[in-house]
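Residue numbers (our numbering), protein chains in the order written: chain A, 323 to 565; chain B, 323 to 565. Using N, Cα and C, we set each Cβ at its ideal position, and we do this for glycine too. What you are looking at is a predicted structure, and each value in this text was computed from that prediction instead of being measured.
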């Protein structure tokens with residue numbers, strides 16, 4: 323049976339990949355991914371065949387991976403962060419229904435939520451949610467209901483895809499919704515270029531976040547009612563009782 | 323300035339640690355952690371000084387780490403999964419207020435949610451929440467509000483600490499709450515001993531999950547309204563529109 327790995331390479335730097343991910347790529351004949359991620363790893367895997375497809379061609383990329391594996395090659399499909407968090411592993415199972423002879427193995431990685439949290443301090447110590455603000459495949463009403471539900475229940479919230487050229491005001495809309503239940507003084511943080519050159523973070527209030535411009539390489543963190551700023555870091559206590 | 327690393331070692335196996343975590347431990351004089359996690363890594367770091375403190379002595383463990391660092395040693399405090407997800411990094415910042423000369427560096431790892439998801443298939447492809455069922459430091463009413471809010475907003479939900487000897491019926495209570503908004507046929511999954519010997523997973527309905535006994539080494543996944551079973555794997559599509 324041919325083997326097809328679906329690998330989360332972590333937030334960017336080679337040193338943030340797991341040993342398991344590195345071994346799988348070393349054992350592969352072909353490494354496939356979105357151009358930017360292939361460029362991040364290329365130098366570390368000399369002699370491999372690399373294939374890329376552009377953004378928004380995700381189904382084509384999956385089919386390509388299965389077709390290469392069908393030829394008898396060992397193939398790695400790589401994603402940034404974790405392949406299972408807004409990543410390719412779901413689509414790989416769906417496309418894989420047509421390739422019953424090819425076995426998938428998912429290799430987890432450090433996702434932007436935990437990679438970014440490590441830069442900001444410790445914002446995710448207690449219950450949290452991930453919400454993507456991209457309405458490409460999800461109706462905005464659904465995103466809105468999740469922002470409100472998560473705010474009302476006092477979750478720490480991590481926003482993926484907080485902005486794009488078409489959706490430049492989505493973060494502002496999201497902040498207005500969250501402020502229906504969260505104080506405007508809630509401690510928040512943003513991290514851009516996690517574990518890559520130019521990594522940057524800022525800690526601020528929810529009110530300040532509302533008027534902050536972020537790009538698509540930024541991950542946004544909104545604290546719960548207990549989250550505080552400690553020496554410039556964003557820290558959520560592990561519980562609601564004195565420890 | 324003395325350096326103190328707070329490291330997520332991933333779900334268990336050495337191969338699931340990141341290169342950055344391994345390098346930090348190699349550069350450390352002393353490695354500190356809960357006994358079980360120190361035993362998992364010990365053989366890979368010969369010549370290091372290891373120190374352990376038992377469960378529920380988390381504050382003591384943090385103080386120990388800072389005191390050792392204060393002596394001029396490079397110290398690694400290790401946690402399973404990611405140190406920032408129900409882990410020690412928050413408490414380290416809080417205890418660290420008394421040690422302004424010691425710099426903390428948080429090194430992220432693969433948390434049980436993404437490690438377990440990779441075993442189950444692709445349950446976390448879309449918006450999800452993590453909720454701990456432990457009411458040791460959180461009032462049960464708060465946990466209940468989060469279970470209800472997350473279910474109503476159709477999040478995929480991951481439960482940490484789903485059970486203990488004292489809390490043997492908490493998973494059942496949680497399922498009853500979630501079934502107020504989620505169908506009893508919602509696709510769910512459980513994974514125990516992620517990336518360790520004896521790793522096991524099962525895919526089932528929410529109704530079946532309600533009557534399933536799990537232990538404290540199990541992570542529980544409850545799908546959203548779109549999650550399906552595909553060839554025995556738990557898969558959440560990446561959106562709500564046809565792709």
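C-beta contact flag for residue i and residue j at 7 Å
| i | j | result |
| --- | --- | --- |
| residue 434 of chain B | residue 541 of chain B | yes |
| residue 353 of chain A | residue 402 of chain A | no |
| residue 475 of chain B | residue 467 of chain A | yes |
| residue 326 of chain B | residue 391 of chain B | yes |
| residue 499 of chain A | residue 470 of chain A | yes |
| residue 543 of chain B | residue 480 of chain B | yes |
| residue 512 of chain B | residue 536 of chain B | yes |
| residue 338 of chain A | residue 340 of chain B | yes |
| residue 455 of chain B | residue 523 of chain B | no |
| residue 400 of chain A | residue 359 of chain A | yes |
| residue 412 of chain A | residue 447 of chain B | yes |
Rounded straight-line distance, which links the Cα of residue j to that of residue i
| i | j | result |
| --- | --- | --- |
| residue 426 of chain A | residue 410 of chain A | 12 Å |
| residue 487 of chain A | residue 377 of chain A | 15 Å |
| residue 372 of chain B | residue 559 of chain B | 44 Å |
| residue 451 of chain B | residue 333 of chain A | 20 Å |
| residue 328 of chain A | residue 350 of chain A | 11 Å |
| residue 323 of chain A | residue 394 of chain A | 9 Å |
| residue 504 of chain A | residue 546 of chain A | 8 Å |
| residue 345 of chain B | residue 507 of chain A | 38 Å |
| residue 396 of chain B | residue 518 of chain B | 29 Å |
| residue 521 of chain B | residue 501 of chain A | 42 Å |
| residue 465 of chain A | residue 534 of chain A | 20 Å |
| residue 472 of chain B | residue 490 of chain A | 27 Å |
| residue 565 of chain B | residue 549 of chain B | Summary for residue 565 of chain B: the model assigns pLDDT 43, below 50, so the residue's position carries little reliability, and this model does not support an answer. |
| residue 417 of chain B | residue 458 of chain B | 20 Å |
| residue 365 of chain A | residue 355 of chain A | 15 Å |
| residue 386 of chain B | residue 526 of chain B | 44 Å |
Boundaries of the alpha helix (DSSP H) in which residue i is found, first to last residue
| i | result |
| --- | --- |
| residue 464 of chain A | 462-474 |
| residue 411 of chain B | 411-418 |
| residue 530 of chain B | 528-532 |
| residue 302 of chain A | Absent from the model: residue 302 of chain A. The displayed extent of chain A is 323 to 565, so no value can be given. |
For residue j and residue i, believed in contact at Cβ under 8 Å, the rounded distance
| i | j | result |
| --- | --- | --- |
| residue 388 of chain B | residue 424 of chain B | 6 Å |
| residue 445 of chain A | residue 556 of chain A | 5 Å |
| residue 516 of chain B | residue 438 of chain B | 5 Å |
| residue 531 of chain A | residue 510 of chain A | 5 Å |
| residue 347 of chain A | residue 384 of chain A | Incorrect: roughly 18 Å between the Cβ atoms, too far for contact. |
| residue 375 of chain A | residue 561 of chain B | In fact, because the Cβ distance is near 19 Å, the residues do not count as touching under 8 Å. |
| residue 482 of chain B | residue 408 of chain B | 6 Å |
| residue 419 of chain A | residue 552 of chain B | 7 Å |
Residue span of the beta strand (DSSP E) that contains residue i, given as start and end
| i | result |
| --- | --- |
| residue 555 of chain A | 555-557 |
| residue 540 of chain A | 540-544 |
| residue 327 of chain A | 324-330 |
| residue 588 of chain B | The structure shown has nothing for residue 588 of chain B, since chain B only spans 323 to 565. |
| residue 482 of chain B | 478-482 |
| residue 447 of chain B | That residue, residue 447 of chain B, is in no beta strand (DSSP E); it is neither H nor E in DSSP. |
| residue 552 of chain A | 550-552 |
| residue 424 of chain A | 424-429 |
Residue i Cβ short of 6 Å to the ligand MG heavy atom set
| i | result |
| --- | --- |
| residue 359 of chain A | The ligand MG is not part of this structure, which contains no ligands at all. |
Problem - In chain order, each beta strand (DSSP E) run of at least 3 residues that lies wholly inside the stretch 337-398 of chain B - result: Correct list: 352-356, 371-375.
Handout entry: Every unbroken alpha helix (DSSP H) within the stretch 490-533 of chain B, with a cutoff of 4 residues, ordered by chain
Key = With a minimum length of 4 residues, the continuous alpha helix (DSSP H) runs that stay inside the stretch 490-533 of chain B are 492-500, 528-532.
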